[in-house]
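Student: If you count the sequence shown from 1, you need to add 3 to reach my numbering. Input: one structure, supplied below.
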Amino acid sequence: MTKVKKSDTVEIVRGKDKGKKGKVLKFYPKNNRVLVQGVNITKRHMKQRSQDTPGGIIELEAALHVSNVMLICNKCGRGVKAGYKMLEDGTKMRICRKCGENI
Ligand SMILES: [Zn+2]
């Protein structure tokens, strides 16, 4: 089960963007991939579609596998392993495994 969801801030722990941080723009549960803002940028050549949308090279984020990212704990200030804690009322809370803080 993956612990990352949309709008989370994550740190990239593998690959060419290792160490970068960004916000999760999209999560694709089917293939366990995430789209992180400003990370894993790929350039694509676009053809001119109309006069208002000129062609050229555009930069787009490409999705990464969730195993390449770690959730950022605000208290630790870095990517950490996340876990779950069950509250007394049955609510599941996502926590930092290192310091126990909510994430
Ligand atoms: Zn922490």
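Where a beta carbon is used, it is the ideal one built from N, C-alpha and C, also for glycine. Everything numeric in this text was worked out from a predicted model, so none of it was measured.
What runs of the beta strand (DSSP E), each 3 residues or longer, lie entirely inside the segment 18 to 69?
Tutor: Runs found: 24 to 31, 36 to 39, 44 to 49 and 59 to 64.
Student: Got a sec: does ligand 1 put a non-hydrogen atom nearer than 7 angstroms to the Cβ of V83?
Tutor: Because some heavy atom of ligand 1 lies under 7 angstroms away, the Cβ of V83 counts as near it: yes.
Student: If we count the other Cβ atoms within 10 Å of its Cβ and call it buried at 16 or more, is G59 buried or exposed?
Tutor: It counts as exposed.
Student: Note the first and the last residue of the continuous beta strand (DSSP E) segment covering I98.
Tutor: Looking at the DSSP string, the run of the beta strand (DSSP E) that includes I98 is K95 to C99.
Student: Could you please give the first and the last residue of the uninterrupted beta strand (DSSP E) stretch that includes E104?
Tutor: That residue, E104, is in no beta strand (DSSP E); it is neither H nor E in DSSP.
Student: What is the rounded straight-line gap between the Cα of E62 and the Cα of T5?
Tutor: Between E62 and T5, the C-alpha separation is close to 27 angstroms.
Student: If you measure between the beta carbons of V42 and D20, is that distance less than 8 angstroms?
Tutor: A contact, by the Cβ cut-off of 8 angstroms.
Student: Classify C76: buried if its beta carbon has 16 or more other beta carbons within 10 angstroms, exposed otherwise.
Tutor: So C76 counts as buried.
Student: Please determine, among T56, Y31, D92 and E64, the residue with the shortest C-alpha to C-alpha distance to K46.
Tutor: Taking only the C-alpha atoms, the option nearest K46 is E64.
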